[in-house]
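Engineer:
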Amino acid sequence: MARVLIGNDWDGNLGGHSEGAVWWVNHFVWFARDHDVLVLPEVPEESFLRYVTEHTGVDRRTLSIVVPPAAGSSTSGMLTPDQVADPRLATEVLAALGGRPPTELVPLWPDVSVAVLAEQLGALPALAGHTFISQRGGAVVSSKAVFRAAAGGAGAPLSPGAVCADARAAEEAVTKLIEQGHSVMVKLEYGAGGAGNEVLSPVAGMRPVGARRTVHLTDRAAVRDYLAANWHWLTDGGAHLVVVERYFNDSRAYYAEFHIEDDAIVFGGIGELMHAPRYVNELTPPGLDADLQAELIEGGRKVCAPLHAMGYRGWLSADAIITPDRQVLFTEWNGRITSSTHSYHVLGEVVVGPGYDKDRVLLTNVWPRGWATPSFEAMRAAVAGAGLAYDPATRTGVLIVSGYDAVRQGATYCTVAPDLDEAWEVNQQLGELFIPA
């Protein structure tokens, strides 16, 4: 086996509507197996590589890391399409393979540049769904507009709303909901982590869960003024569509992930996406009752069906909300390895072990803010010194998930505990270790 893992978690359609950075991309190391070649924006800290492979049982000595030429020109520390498609990268990957034919290419993001790289490597069949990807299908599996048409057509329940190509249509869709007394979420067609969402509400002071902000609007004139002032941002300068949907206050966000293969849509895992008000934590498994869990998984399969028919192959997250009156409504899809995939697929199934979802919870903290630690090694040592490090014998403790982020002075981490209350208690202890002086 000779797999090539491509850490290209960036797409031009997102523009500035994502908070990605190189420290996040290197969580891809958790997916590595013996003898893999990893293509990353920069070489992760050796201490981080050793830490991950010690937990996954991978022989660090067998892994090769390839950094593209001119990596310093990447956007926000990410691996850009130009770098992935650069023939010089293919040459370096072939050198790292040492004559072994690549059996599988695994990108974080199904960008067309990955198909270009696969062709340069002489390994197009090793890229699952390569025909779909080569025709820019990656834009389809991230489009919130295409999602509403395809998922709705497949019978998945959606929040009431519309896809709008012009400001007049958006005015009608937003005003209709506001005049009914509802709040509204407007979404850029491409965005991540809530950075491309805003809540428009007839109720003043509403908390914008999953969005940048709340704008208080009470009538058509106010809606028209808002759209006039923000249309350039909402459409990325006229390049994309705008999604309008009813916003359900006090709902909670969840995902159901699947792996779409030639012959099947294989269930992966489910979890809760916690916001405060932006996305900050994940909980796996989510603690739903059997009926709601079954609805989430069944609806997620319906979301996957159109993409399976279109030829997409790979991971697909079907995101949904569950309203206070127990409606399961799907809100978007993400066709890529997401910020959730490693939680259940690697940390749960590999590190904690099979059956983890029966007697353990995994609480992942995505954005460590307000911490003070100088390096990954210092963070690892502090966690271990406090007796909080993950212990395979008890199957509890803290796993450091990502590389060190110098701006946030920390890293993403996952607390494994018997129940959610204990996980929050450990998180509280963990935070106290890194309070700035």
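Residues in the sequence shown are numbered from 390 upward in steps of one, following this note's numbering. Yeah, the Cβ is synthetic: ideal placement off N, Cα and C, and Gly gets one too.
#1: In the structure shown, what three-state DSSP assignment does H621 receive?
#2: Measure the alpha-carbon distance for D780 versus V755 and round it to whole angstroms.
#3: At 3 residues or longer, what runs of the beta strand (DSSP E) sit wholly inside the segment 566-634?
#4: For the alpha helix (DSSP H) that D746 lies in, which residues bound it at each end?
#5: Using DSSP's beta-bridge definition, name the partner residues of R641.
#6: Taking only runs of the beta strand (DSSP E) that begin and end inside the segment 507-571, which ones reach a length of at least 3 residues, in chain order?
#7: Taking the Cβ atom as the reference point for each residue, do L513 and A479 lie within a distance shorter than 7 angstroms?
#8: Quick check on A795: does DSSP put it in helix, strand or coil?
#9: Under 7 angstroms between the Cβ atoms of L427 and L394?
#10: Between G446, F823, M663, which has its C-alpha nearest R729's C-alpha?
#11: What is the DSSP secondary structure of M369, counted as helix, strand or coil?
#12: Can the beta-carbon of V631 be found less than 7 angstroms from the beta-carbon of C553?
#13: Suppose only complete runs of 4+ residues qualify. What are the alpha helix (DSSP H) ranges in the segment 652-701, listed by chain order?
#14: Of the choices H629, G570, A653, whose alpha-carbon is the least far from that of N638?
#15: Given that a residue counts as buried once 16 or more other Cβ atoms are within 10 Å of its Cβ, and exposed if not, what is G776?
#16: Per DSSP, what kind of secondary structure is W498 in: helix, strand or coil?
#17: Considering just the uninterrupted stretch of the beta strand (DSSP E) at S436, what are its terminal residues?
#18: Are there 16 or more other CB atoms within 10 angstroms of the CB of V655, so buried, or fewer, so exposed?
#19: Using CA coordinates, which residue listed in D651, H648, L685 is at the minimum distance from E661?
#20: Note the first and the last residue of the continuous alpha helix (DSSP H) segment covering N816.
#21: Taking the alpha-carbon positions, what's the W419 to A683 distance?
#22: Would you kindly work out how many angstroms separate the C-alpha atoms of R797 and G786, rounded to a whole number?
#23: Whole-angstrom Cβ separation of A816 and T753, contact assumed at under 8 angstroms?
#24: Assuming the contact rule is C-beta atoms closer than 8 angstroms, N397 and S531 should be a hit. Round their C-beta distance to whole Å, please.
#25: With 16 other CB atoms within 10 Å as the buried threshold, where does G799 fall?
#26: DSSP state of H416, grouped into three classes?
#27: Under the rule that 16 or more other beta-carbon atoms within 10 Å means buried, what is P387, buried or exposed?
#28: Which stretch, first to last residue, makes up the alpha helix (DSSP H) that contains E650?
#29: Could you tell me the alpha carbon to alpha carbon distance between V535 and S548, rounded to whole angstroms?
Structural biologist: Looking at the coordinates:
#1: Residue mapping note: residue 621 aligns to position 232 of the sequence shown, counting from 1. Per DSSP, reduced to three states, the secondary structure at H621 is helical.
#2: Stepping through the sequence shown from its first residue, residue 780 is reached at position 391. Stepping through the sequence shown from its first residue, residue 755 is reached at position 366. Distance between the alpha carbons of D780 and V755: 21 angstroms.
#3: Correct list: 572-577, 586-590, 603-605.
#4: Walking along the sequence shown from the start, residue 746 turns up at place 357. Unbroken alpha helix (DSSP H) run through D746: 745-748.
#5: For the purposes of this step, residue 641 is identified with residue 252 of the sequence shown, where counting begins at 1. R641 is bridged to I711.
#6: The segment 507-571 contains these whole beta strand (DSSP E) runs: 550-553.
#7: Counting from 1 along the sequence shown, the entry for residue 513 is found at position 124. Counting from 1 along the sequence shown, the entry for residue 479 is found at position 90. Contact: no.
#8: Taking the sequence shown and counting its residues from 1, the one referred to as residue 795 is at position 406. Here A795 carries a coil assignment [DSSP, helix/strand/coil].
#9: Taking the first residue of the sequence shown as 1, we reach residue 427 at position 38. Taking the first residue of the sequence shown as 1, we reach residue 394 at position 5. Cβ distance < 7 angstroms, so L427 and L394 count as in contact.
#10: Taking the first residue of the sequence shown as 1, we reach residue 729 at position 340. At residue 729 the sequence reads Ser, which differs from the Arg that was named. For S729, the closest of G446, F823, M663 by C-alpha to C-alpha distance is M663.
#11: Residue coverage of the chain in this structure runs from 390 to 826, which leaves residue 369 outside it and unanswerable.
#12: Position 242 of the sequence shown, counting from 1, holds the residue named residue 631. Position 164 of the sequence shown, counting from 1, holds the residue named residue 553. In this structure, V631 lies near C553, with their beta-carbon atoms less than 7 angstroms apart.
#13: Complete alpha helix (DSSP H) runs here, min 4: 679-699.
#14: One-based indexing of the sequence shown puts residue 638 at position 249. Distances from the CA of N638 to each of H629, G570, A653 were compared; the closest alpha carbon is that of G570.
#15: By one-based count along the sequence shown, residue 776 stands at place 387. Burial call: exposed.
#16: Sequence index remark: in the sequence shown, residue 498 carries index 109 (1-based). Three-state result, W498: coil.
#17: Within the sequence shown, the letter at position 47 stands for residue 436. It is not in any beta strand (DSSP E) - S436 instead sits in the alpha helix (DSSP H) that spans 435-445.
#18: The residue labelled residue 655 in the question sits at position 266 within the sequence shown. It counts as exposed.
#19: Translated into the one-based positions of the sequence shown, residue 661 becomes position 272. Comparing alpha-carbon positions, the option among D651, H648, L685 lying closest to E661 turns out to be L685.
#20: Translated into the one-based positions of the sequence shown, residue 816 becomes position 427. From DSSP, the alpha helix (DSSP H) with N816 extends over 809-822.
#21: The count along the sequence shown starts at 1 and reaches residue 419 at position 30. The count along the sequence shown starts at 1 and reaches residue 683 at position 294. Distance from the CA atom of W419 to the CA atom of A683, rounded to whole angstroms, is 29 angstroms.
#22: Locating residue 797 in the sequence shown gives position 408, counting from the first residue. Locating residue 786 in the sequence shown gives position 397, counting from the first residue. Spanning the two alpha carbons is a distance of roughly 22 angstroms.
#23: Translated into positions along the sequence shown, residue 816 becomes position 427. Translated into positions along the sequence shown, residue 753 becomes position 364. Sequence check: residue 816 is Asn here, not Ala. Not a contact, Cβ separation roughly 10 angstroms.
#24: As a first step, residue 397 is located in the sequence shown; it is residue number 8 there, counting from the start. As a first step, residue 531 is located in the sequence shown; it is residue number 142 there, counting from the start. In fact, because the Cβ distance is near 13 angstroms, the residues do not count as touching under 8 angstroms.
#25: Stepping through the sequence shown from its first residue, residue 799 is reached at position 410. By the 10 Å Cβ count, G799 comes out buried.
#26: By 1-based counting over the sequence shown, the position of residue 416 is 27. In this structure, H416 counts as helix in the three-state DSSP scheme.
#27: The chain is shown only over 390 to 826; residue 387 falls outside these bounds and no answer can be derived.
#28: Stepping through the sequence shown from its first residue, residue 650 is reached at position 261. E650 -> no alpha helix (DSSP H), and no H or E assigned at all.
#29: Residue numbering aside, residue 535 sits at position 146 when the sequence shown is read from its first letter. Residue numbering aside, residue 548 sits at position 159 when the sequence shown is read from its first letter. Here the C-alpha atom of V535 lies approximately 15 angstroms from the C-alpha atom of S548.
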